[in-house]
Every structure is written in structure tokens, then in C-alpha cells.
DNA sequence: CAAAGTTACTGAACACTGTTCAGTATTCCA
DNA sequence: TGGAATACTGAACAGTGTTCAGTAACTTTG
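Residue numbers (the working numbering), protein chains in the order written: chain A, 32 to 234; chain B, 32 to 234.
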């Protein structure tokens, strides 16, 4: 049956058409300001059509999230490659923070917003699991050589991630304006914070 | 003129009536799920009336934010009172995280959400300045006795705050579900993280 | 005390939002 | 070629923040 194969393929292409448009518009204007009608208009379909491929706006978000986490993993694979796990940890921190500052809308939908329509706090597949695993393995490698102050790799991951997420999210939400830094020195201050933090957790 | 005095007073009372209702409903259902119509209904006025006292929904948010920061300051003043600045720092960390976990919707509107209607990243008065000052003074006191590893109090505040905010906000947004902890052990893990972190920044 | 002026409030209306679904047009298979 | 399956539409529903002409109550003035 070549026809049902083609149908399958076309369905996939349509889903991709939608998520690509969604990704583009989420990146540009953010999740909240992008409406289903806008997405439909940009791909020249009616609003109803999108619901034939995605259950609701949240499901569209999860799909874009999935791709966003792939992007983050790629960034890690590109910039956090040192054989030395301590150096790699530092590279990961800087990669993570840069990723957040360079893609604020993407970071937003990955880690900050809550999808407003449905019930919160569901686990969404393996979104981010690979990223977390990447961090966990690096920390385990560090701790195998007794290089860090932590007792438990999960505790370590929690703390490192919290620090990096704190830096990025407070910055994205402009809560650091309270410190009266100009934008140019911000990147410097953040990098300094990462370095200082990594130093402080080394035994 | 006693009449204009009364008018002034009545205007204040009306504003308080509105913000009290808003605070109650934001706390219960969150900012996004609370509509102007709901607030109006709960105080038995028409939706338009609210706009005679507050420019828009954001201004209502800022007012509630102001009160929320007062609450946080009170919590500090109640639970972070040790004369020893190091102990006080630890108390502040635990108070901050508890505050976040016990009032997630309040924490949300203070530090996480972005008001969706208007332009972002404006500085909103002195919201949170007192809280930040409280932290800064404690850190300065610690550093005056050369107790911490930091070089600059502002850098110190940035890092401490980022860590605490990271812990709370990742938890509130359920991103720590990836670590597969049950809810009861979460508070323990977080407290442990705070202790470990404070220890790691002591010289 | 009554008329005029001021103020407080209303609720319909506007332009949006996510979502649904009866109806239509197209494609597929017998 | 006719009937079934599929793909898509766009109007409609219930909700949102916000505005504003119109009304009702209160205050000041003649």
C-alpha cells in the first residue's frame, strides 16, 4: 500500500509545517503572544486544521519544547566537550547560561512558563531528560575522582542546575535590574558568577 | 473641607477593597486565571469600575506585588533574626524557600510570571528593594568579618539569590520531577541543598 | 429648597483568545 | 461512476482585557 504510506508521510509533513511555524513564532513573540489563529494564518490554513494534528496549544508547546531540548543538547555537544570533567562542567554552565540569554523566549517555554490551559505538573515525556543526564554524568565523573564537595550526584545536579537556572531566569525576568547593572556588564557578571560558583564546589 | 477628605478616604477604601479581593484570588487561582470580571463580581461591582481605580490588570499586579514583598520582609524579620550573620544567612535562605513553597502563587507573581499585557522589563518602584537590601546587609556583615569566599557583596547577593530562586522556581514549575523525588522528601532535599550551599560559600 | 454641575458607576461593545463541530470539498476504492 | 473516507473550513461559543456613552447619585450653587 503506497497510498497509506504517502498519507502517513503527508500527515508528518503537515505536523512539521505547523510546529516549524509555531517554533518560529514562539521564538519571535513568545508562547503567550502567539495565537493559534496567527499560526494558522502564517501557514495559510484555517484555525480548525491545527486541531486535526495537535490536541491543543499545550501539545504544540510540548512538541516545540522537545525540539528546544534537542537544541540545548546540541549546544552541550558542541561547547561542552572537554575530557576533563571539571572543565566540562564549567563549559556546560556557560553554555547553559548563554543558551538562555541568547534564546530567552525559548528558555522561557522550556523552563519558566506554565502552560495555562490544562492541569500543571505533568511529566512531559523525556523532555529534558537527556540534558539532565548529560549534567548528571559529568558530575558523576567529577565525583568519581573525588573532585567535588558533594556527597550525592543528584544533590549536586539539583544545586548546579538551580544556580544556573536562577542566574538565567532572574535575568530574563529583569529581576536583576535591582542591581543596577548595565546590559554589557551583565554577561561579564554572570560568567564571573559561574566561575566563582564552580570554584566554590571544587574540593 | 471634610467632604473632600471623606472622598479621598473612600477612594482609598475602594482601592483596598479591590486589591484585597485581587490578592485573595491571585493567591487562590493565580494571576492568569483571575479575571477582572471575577474580581469585580466578588466585590459586587461592574468590571468597568475597577478601571476607575487601576489603569489595567498589571497595575493591580504591581500593587499586590508590593504587598507580597512586605510579606516576605515580615517573614525575614520574624525568622531570620540571629545576631550571627552566618546563621542569619542560613535562616534567610530557609525562610525564602519556605515562603516560595508555601505561597507558590504569590512567589509566582513576585518572581516568575511576566505581566503579559504591557511592555516588559520596567523597573517597578522599590518592589523587592527592601528584601534585596536585607540580604545585601547580611552578606556585607558576613564579609566584613571575612567569613565568606566572595570578593564583592553584589556578586555574593546575585549568587545566593540565584541559588535560592533556582531551587524554588524549578520546584514550583515541577521541573524537579525529573529527579523522581516524592513530595515529602522534597522539602528535606531542598533544606539539605541550602545547608550544603551555605557551607560551600563559607571560607 | 430646587436647579445645575460633578462624580461614581454601569454594562454593552470591541477586538482578541482557545476550542469545537456541522458542513463542504476533495480524494480513494470498489 | 457512485459511495465512502478523509481533509479542511469558518462560523459559533465562551471566555479574556479594556473602553466609553449613558445613567444615577451626590454636591454645590442660586
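C-beta: ideal position from N, C-alpha, C; glycine also. A quick note: this is a predicted structure, and the numbers were derived from the prediction, not measured.
Query: Proximity winner among A:138, A:218, A:196, relative to residue 95 (chain A) (alpha-carbon distances); Result: A:138
Query: Below-7 Å beta-carbon distance, residue 231 (chain B) vs any chain A residue; Result: yes
Query: For residue 74 (chain A), the three-state DSSP class (helix, strand or coil); Result: coil
Query: From A:57, A:69, A:71, residue whose alpha carbon lies closest to that of residue 136 (chain A); Result: A:57
Query: Cβ of residue 218 (chain B) within 7 Å of any chain A Cβ; Result: no
Query: Those residues which DSSP pairs with residue 179 (chain B) across a bridge; Result: B:233
Query: Of the residues B:188, B:225, B:176, the one placed nearest residue 189 (chain A), counting alpha carbons only; Result: B:225
Query: Limits of the unbroken alpha helix (DSSP H) element including residue 125 (chain B); Result: 116–133
Query: Under 7 Å between C-beta atoms of residue 121 (chain A) and residue 229 (chain A); Result: yes
Query: Touch test, the stretch 162–174 of chain B against the stretch 110–124 of chain B, Cβ-Cβ under 8 Å, three pairs minimum; Result: yes
Query: Delimiting residues of the alpha helix (DSSP H) encompassing residue 101 (chain B); Result: 88–110
Query: Segment limits, alpha helix (DSSP H) that includes residue 203 (chain A); Result: 184–203
Query: Between the CA atoms of residue 126 (chain B) and residue 134 (chain A) - distance to the nearest angstrom; Result: 32 Å
Query: Spatial neighbours of residue 113 (chain A) in its chain, beta-carbon cut-off 8 Å, leaving aside the 5 residues before and after; Result: 119, 122
Query: Chain-ordered neighbours of residue 100 (chain B) on chain A, where CB pairs are closer than 8 Å; Result: By Cβ distance, chain A contributes nothing, its closest Cβ being about 11 Å from residue 100 (chain B), past 8 Å.
Query: Closer than 8 Å at the beta carbon, the chain B residues around residue 200 (chain A); Result: 143, 196, 197, 200
Query: Cut-off 8 Å between Cβ atoms - residues of its own chain near residue 178 (chain B), not counting five sequence neighbours on either side; Result: 116, 117, 233, 234
Query: Residue 52 (chain B) and residue 73 (chain B) closer than 7 Å at C-beta; Result: yes
Query: Rounded straight-line distance, which links the Cα of residue 61 (chain A) to that of residue 202 (chain A); Result: 16 Å
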